[in-house]
Amino acid sequence: MINKPTAIFIAIAASIFLFNFNSICIKNDFDQPAKYKLTYLSLNLIAYLAKLFDRVNIVSESKFLRDAIDFLSFSGADTNDKYVKIENKILNDVGVRIYTALKKPNDPSPFMIYFHGGGYAIRNMDSYDTVLSQISNETNITIISVDYRLAPEFPAPIPTNDCWRVIEYVLENSGKLNVDLDRLILAGDSAGGNAALVLSKRLALEKKLKPIFQILMYPWTQLAFGNMPSFIGYQGGLLNALDLASLKLWYVGLDRVTDEMKNSILSNNHTLLLDENERENMRSYLNTNLIEDKYKKNTQYFKLYESTNLINSGSLDKNDILNKDSAFAQKVKRLFSEEVSPGLASLDQLKYQPKTYEIICEFDSLKDEGLILGERLRQAGVQVHVAYYDQCFHGMVSMLHSLEWFHLTKTILSDVIFYINSNL
0 MINKPTAIFI AIAASIFLFN FNSICIKNDF DQPAKYKLTY LSLNLIAYLA
50 KLFDRVNIVS ESKFLRDAID FLSFSGADTN DKYVKIENKI LNDVGVRIYT
100 ALKKPNDPSP FMIYFHGGGY AIRNMDSYDT VLSQISNETN ITIISVDYRL
150 APEFPAPIPT NDCWRVIEYV LENSGKLNVD LDRLILAGDS AGGNAALVLS
200 KRLALEKKLK PIFQILMYPW TQLAFGNMPS FIGYQGGLLN ALDLASLKLW
250 YVGLDRVTDE MKNSILSNNH TLLLDENERE NMRSYLNTNL IEDKYKKNTQ
300 YFKLYESTNL INSGSLDKND ILNKDSAFAQ KVKRLFSEEV SPGLASLDQL
350 KYQPKTYEII CEFDSLKDEG LILGERLRQA GVQVHVAYYD QCFHGMVSML
400 HSLEWFHLTK TILSDVIFYI NSNL
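So the sequence shown is numbered by numbering that gives the first Met the number 0: it starts at 0 and just counts up by one.
This is how it looks when you write it as structure tokens:
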């Protein structure tokens with residue numbers, strides 16, 4: 000029989016859980032609301048425990064986050080798949096997983112190089128097995144998924160350089176891999192979409208080769224600004240269950256992130272590192288007037304955005320850590336670079352991007368920057384198709400297997416497959 004103190008503890012814990020569960024803000028007609036709320040609470044708990052264990056020196060925040068999320072989202076390669084051959088290989092010292100449809104003709108095939116999401120710090124290839132196997136089977140393309148190294152242990156540009164080494168290997172060994180270089184697709188979700196943007200441009204400039212198209216799934220187009228309208232409106236969204244400020248700082252080379260460091264970014268003081276010309280460029284690159292009215296259904300958070308400043312005015316306080324620590328300031332300024340934030344590029348640079356299929360989810364803090372990127376790509380002469388999902392949220396594409404399955408994930412995936420088959 001449960002004793003009284005235990006019963007009281009259980010009652011309190013249950014009350015806290017129910018309060019948090021019911022307080023999560025979602026749309027009234029949201030599909031599978033209970034599953035979404037449980038996913039959100041799980042991520043929130045993992046993020047909280049990661050910080051706690053890091054503070055008491057049990058395990059680093061990044062490692063706990065990585066291991067816990069991998070455990071919850073593990074899919075794993077099914078080497079006995081009846082429709083797709085799955086192989087783990089090392090290409091140019093980088094781990095990859097190759098998916099080849101068994102019904103594929105013997106001729107060199109179209110192929111996709113896929114970069115997984117996770118803020119460049121968490122997740123791995125395993126989470127995408129179900130998704131990539133299905134795409135390969137239903138399109139007859141070969142897919143190469145890249146197991147790039149992760150921050151903070153391996154900060155920028157190491158992750159994208161790992162991806163580039165795989166691309167170089169494929170370019171030099173297309174015959175051995177039986178793939179058609181004229182039908183190359185680059186694709187990725189979230190941070191993987193960021194990588195695709197970086198590498199598509201690099202391909203065009205260094206190899207004079209453009210992918211036939213790229214697929215950007217709710218891409219993390221820029222890491223410099225966290226105060227876009229959808230970020231303000233969806234601070235309770237799934238992406239925000241994680242500490243984005245830490246993810247950003249890990250990626251630019253800071254393995255130990257303090258509250259003071261995060262506050263300097265969250266307060267937007269890092270924008271004062273820019274000169275006036277750079278500030279004007281940033282304003283134009285993230286101009287919310289580029290977002291079509293049909294995507295501004297929730298006008299409330301756009302009104303809130305109007306009362307905020309994208310870029311701070313004045314100068315840095317002498318006690319700000321960006322003033323006191325020049326090494327920190329130098330790393331933070333990298334957030335504005337095209338290498339880290341490919342969406343913060345001029346139209347002259349965006350013109351190197353290939354035809355683009357961009358997935359945008361309404362319930363996503365990154366929604367607006369993705370929509371702005373799509374419009375700016377069009378202005379640069381790039382053909383863009385935006386697939387907008389009113390009921391979907393950030394991260395859905397990797398949630399196809401049984402533990403996290405959402406109905407609308409299949410809708411997104413079916414649309415991706417249709418686009419691939421229609422554009423090869």
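Every residue gets a Cβ at the ideal spot worked out from N, C-alpha and C, and that includes glycine.
Val424 and Lys354 look like a contact to me (Cβ under 8 Å); what is the Cβ gap, rounded to whole Å?
The shown model of the chain, from 0 to 423, leaves out residue 424, and the question about it has no answer.
At a Cβ threshold of 7 Å, is Ala186 touching chain B?
Checking the listed chains, one finds no chain B in this structure; it contains a single protein chain.
Segment contact flag, the region 134 to 147 with the region 103 to 115, C-beta cutoff 8 Å, min 3 pairs:
yes
Top-ranked residue by Cα proximity to Leu372, from Met395, Pro218, Val93 and Asn311:
Here residue 372 refers to the residue found at position 373 when the sequence shown is read from its first residue. Among Met395, Pro218, Val93 and Asn311, the Cα nearest to that of Leu372 belongs to Pro218.
Report the rounded CA-to-CA distance for Lys418 versus Tyr39, giving the unit in angstroms.
Numbered from its first residue, the sequence shown carries residue 418 at position 419. Numbered from its first residue, the sequence shown carries residue 39 at position 40. One point to set straight first is that residue 418 is Tyr, not Lys, in the sequence displayed. Each residue's Cα considered, the two are about 30 Å apart.
For Glu205: DSSP bridge partner residues:
Reading the sequence shown from its first residue, position 206 is the one you call residue 205. According to DSSP, which records beta bridges pairwise, Glu205 is partnered with nothing at all.
Round the Cβ separation of Asp181 and Ser108 to the nearest angstrom and send it over; I've been treating them as touching at under 8 Å.
Position 182 of the sequence shown holds residue 181. Position 109 of the sequence shown holds residue 108. Contact doesn't hold; Cβ gap of about 11 Å is too wide.
CB Ala344 to CB Glu338, shorter than 7 Å?
Along the sequence shown, one-based indexing puts residue 344 at 345. Along the sequence shown, one-based indexing puts residue 338 at 339. In this structure, Ala344 sits away from Glu338, with a CB-CB distance that is not shorter than 7 Å.
Note down the Cα distance separating Ser364 from Asp106, rounded to an integer number of angstroms.
The residue you call residue 364 lines up with position 365 of the sequence shown. The residue you call residue 106 lines up with position 107 of the sequence shown. One C-alpha to the other measures close to 42 Å.
Within the same chain, show all residues whose beta-carbon is closer than 7 Å to that of Val58, passing over the 5 residues directly before and after it, in chain order.
The count along the sequence shown starts at 1 and reaches residue 58 at position 59. So the qualifying residues of the chain are Phe52.
Give the straight-line distance between the Cα atoms of Glu171 and Thr257, rounded to the nearest whole angstrom.
For the purposes of this step, residue 171 is taken as the residue at position 172 of the sequence shown. For the purposes of this step, residue 257 is taken as the residue at position 258 of the sequence shown. Glu171 and Thr257: Cα-Cα distance of roughly 44 Å.
Please classify Phe70 as buried or exposed, where buried requires at least 16 neighbouring CB atoms within 10 angstroms.
The residue labelled residue 70 in the question sits at position 71 within the sequence shown. The residue is exposed, with fewer than 16 neighbouring Cβ atoms inside 10 Å.
Give every residue of the same chain whose Cβ lies closer than 6 Å to the Cβ of Glu361, excluding the five residues on either side of it in the sequence, and list them in chain order.
Stepping through the sequence shown from its first residue, residue 361 is reached at position 362. Same-chain partners within the cutoff: Asp389.
One question on the structure: do Phe110 and Ile140 come within less than 7 Å of each other, judged by their Cβ atoms?
Looking up residue 110 in the sequence shown gives position 111. Looking up residue 140 in the sequence shown gives position 141. Yes. Within cutoff.
Only counting the same chain, and skipping five residues up and downstream in sequence, which positions put a Cβ closer than 7 Å to that of Asp414?
As a position in the sequence shown, residue 414 is number 415, starting the count at 1. The residues are Ala386.
Measure from the alpha carbon of Ala244 to the alpha carbon of each residue in Ile231, Ser229, Asn262 and Gln234, then state which is nearest.
Taking the sequence shown and counting its residues from 1, the one referred to as residue 244 is at position 245. Closest by alpha carbon: Asn262.
Work out the CA separation of Asp324 and Leu271 for me, nearest whole Å.
Residue 271 sits at position 272 when you count from the first residue of the sequence shown. Residue 324 sits at position 325 when you count from the first residue of the sequence shown. Rounded to the nearest angstrom, the two C-alpha atoms are 14 Å apart.
Taking the alpha-carbon positions, what's the Ile264 to Leu238 distance?
Position 265 of the sequence shown holds residue 264. Position 239 of the sequence shown holds residue 238. Straight-line spacing of the CA atoms in Ile264 and Leu238 works out to 18 Å.
Classify Ala326 as buried or exposed, calling it buried when 16 or more other Cβ atoms lie within 10 Å of its own Cβ.
The count along the sequence shown starts at 1 and reaches residue 326 at position 327. Result: exposed.
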